[in-house]
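Take any residue in the sequence shown, count from 1 to its spot, add 160: that is its number in the numbering used here.
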Amino acid sequence: MEKSGNNEQLATSWQQIDASQRKAECLRWVAIGVMLLACILCALASLASGASNIDLFTSAAALFGFGTPQDVAAVQTIRLPRVLTAIVSGAGLALAGAVLQSVLENPLASASTVGISQGAAFGATLAILVFIPLVAGTSTAAGMGTIAIFAFAGAMISALVVLIFSRLGSFSPESIVLVGVALSALWAGASTIIQYFSDDLNLTKVIFWQFGDLGRATWNQIAFMAGVLVICGAYFFYNRWNYNALQNGGNVAGGLGVEVQRTRVLGVAVASFTAAAMVSFVGLINFIGLIAPHIARRFVGNDYRFLLPASLVLGAAIMIASDLLARMVVSPVILPVGAITSFLGAPLFLYLLYRGYKQ
161 MEKSGNNEQL ATSWQQIDAS QRKAECLRWV AIGVMLLACI LCALASLASG ASNIDLFTSA
221 AALFGFGTPQ DVAAVQTIRL PRVLTAIVSG AGLALAGAVL QSVLENPLAS ASTVGISQGA
281 AFGATLAILV FIPLVAGTST AAGMGTIAIF AFAGAMISAL VVLIFSRLGS FSPESIVLVG
341 VALSALWAGA STIIQYFSDD LNLTKVIFWQ FGDLGRATWN QIAFMAGVLV ICGAYFFYNR
401 WNYNALQNGG NVAGGLGVEV QRTRVLGVAV ASFTAAAMVS FVGLINFIGL IAPHIARRFV
461 GNDYRFLLPA SLVLGAAIMI ASDLLARMVV SPVILPVGAI TSFLGAPLFL YLLYRGYKQ
């Protein structure tokens, strides 16, 4: 009888734990839903913001082709591509940052940590100051495409070098970070030397590219970024349990059956590819990949089943909100969105660090 009573108590305890877990999971999905709603509201506000005076309802109607030709053209041709670029690039950078923070076992990991952003900046600098001036009759559209290609190539070369050197160094998280730091210094020095011999006009173009701009991506480029986001995002979600295990360290993850080295190699490679695709078309936009996952953790915890979708939605929302702020502060002048994300992201990140330290 006593044994039967103990079994009943144990079963009741498991049921209570299971119910508590289900409740916690529901609350996390509710939090993600609230984030998604905030992202949608920011997107609608961004569609209604611009030089022409179009209210929220008129812009929503123009989005589906209803309204005056001027309103439809302004929303569908100018504002909609900008909003979609913000959504896709912000989501991609946030996902890449969340994955890198797991596979590198470093809460400060992002595209800048492994030299992706700096490699893209060097590629863009090389295109603007060296390659394009040597190509006679290059149009503006062709020039922007060339810059994007060079930036993407520079970012991927940086990722490839990181993987090669880290492989030679037993592929520890520390070696990846150190190689990334060395590459960042290398790209920065090479860019500075090229800029030193440049004229003021071309140097201004480099500076404006590095500021970050959501308005220069074409529909084909947006489609490419979206394709990369879908494919790489599916890979990340497929490996969500591996990323959960890696948060406890490589030894623990290996004991749980995770192929640690393979997961790290592919995680860094796919995250680098994702970040490279985004940075190549929007320029250097900092802190999205770093701050979005940390904010998401405050609401959904460290479980990558919830952290990945939360980071994706928050990254998109932060990017849209930053771009909206950049266009509203001193309208009609549009401030660099990269400066806005850095200006707002740095103190917010310090606050999160402070809160975490206090707890």
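Beta carbons: idealized from backbone N, C-alpha and C, even for Gly.
The continuous stretches of alpha helix (DSSP H) do not include Thr-378, and DSSP gives it neither H nor E.
Asn-362: member of the alpha helix (DSSP H) spanning 360 to 371, first to last residue. Residues Ser-277, Ala-281, Gln-370, Gly-372 and Gly-498 of the same chain have their beta carbon placed closer than 7 Å to that of Leu-444, with the five preceding and five following residues left out of the count.
If you draw a 10 Å sphere on the C-beta of Phe-217, you find fewer than 16 other C-beta atoms in it, and that means exposed. In this structure, Ala-256 places its C-beta atom within 8 Å of the C-beta atom of Thr-434.
Between Ala-431 and Phe-312 the beta-carbon gap is near 15 Å, outside 8 Å, which marks them as no contact. If you check the CB distance, Ile-448 and Val-243 do not come in under 8 Å. In terms of Cβ geometry, Val-274 and Gly-349 do not form a close pair [threshold 8 Å]. Around the CB of Gln-381, 16 or more other CB atoms lie within 10 Å, so the residue is classed as buried. Ala-413: member of the alpha helix (DSSP H) spanning 410 to 415, first to last residue. Of the residues assessed, Ala-208 falls on the buried side of the cut-off, its CB having 16 or more other CB atoms within 10 angstroms. By the beta-carbon neighbour count (other beta carbons within 10 angstroms, threshold 16), Met-488 is exposed. Between Ile-451 and Gly-250, the beta carbon gap of about 11 Å keeps them out of contact (Cβ cut-off 8 Å). Residue burial annotation: Trp-189 is exposed, with fewer than 16 other C-beta atoms found within 10 angstroms of its C-beta. Within the region 388 to 446, no run of beta strand (DSSP E) reaches 3 residues while sitting entirely inside it. Going by DSSP, Ala-342 is part of the alpha helix (DSSP H) stretching over 333 to 356. Taking C-alpha positions only, Leu-264 is separated from Val-493 by approximately 40 Å. In this structure, DSSP gives Phe-325 a helical state, which the three-state scheme calls helix. When rounded, the separation of the alpha-carbon atoms in Phe-503 and Gly-415 is 42 Å. Only residues of its own chain outside the window of five on either side were considered, and among them none has a CB closer than 6 Å to the CB of Val-490.
If the five residues before and after Ser-482 are omitted, its C-beta is found closer than 6 Å to the C-beta atoms of Val-497, Ile-500 and Thr-501, all from its own chain and listed in chain order. DSSP places Glu-265 in the coil class of the three-state scheme, outside both helix and strand.
Taken through DSSP and simplified to helix, strand or coil, Ser-471 comes out as helix.
Comparing alpha carbon positions, the residue from Val-425, Gln-355 and Ala-233 closest to Ile-288 is Gln-355. Per DSSP, the continuous alpha helix (DSSP H) segment holding Phe-217 begins and ends at 216 to 223.
Between the C-alpha atoms of Val-337 and Gln-181 there is a straight-line separation of about 36 Å. Distances from the CA of Ala-486 to each of Leu-196, Tyr-398, Ile-324 and Gly-375 were compared; the closest alpha carbon is that of Gly-375. Three or more beta-carbon pairs separated by less than 8 Å link the region 402 to 411 to the region 458 to 477, which places the two stretches in contact. Residue state for Val-274 is assigned as coil, using DSSP reduced to three classes. When rounded, the separation of the alpha-carbon atoms in Leu-286 and Asn-446 is 21 Å.
The beta carbons of Ser-471 and Ala-258 sit closer together than 8 Å.
In the three-state reduction of the DSSP assignment, Thr-228 falls in the coil class. Assignment of Asp-483 by DSSP, reduced to helix, strand and coil, places it in the helix class. 8 Å or more divides the Cβ of Leu-474 from the Cβ of Ala-246. Going by beta carbons, Gly-210 and Ala-234 fall inside the 8 Å limit. Secondary structure at Ala-254: helix, using DSSP grouped into helix, strand and coil.
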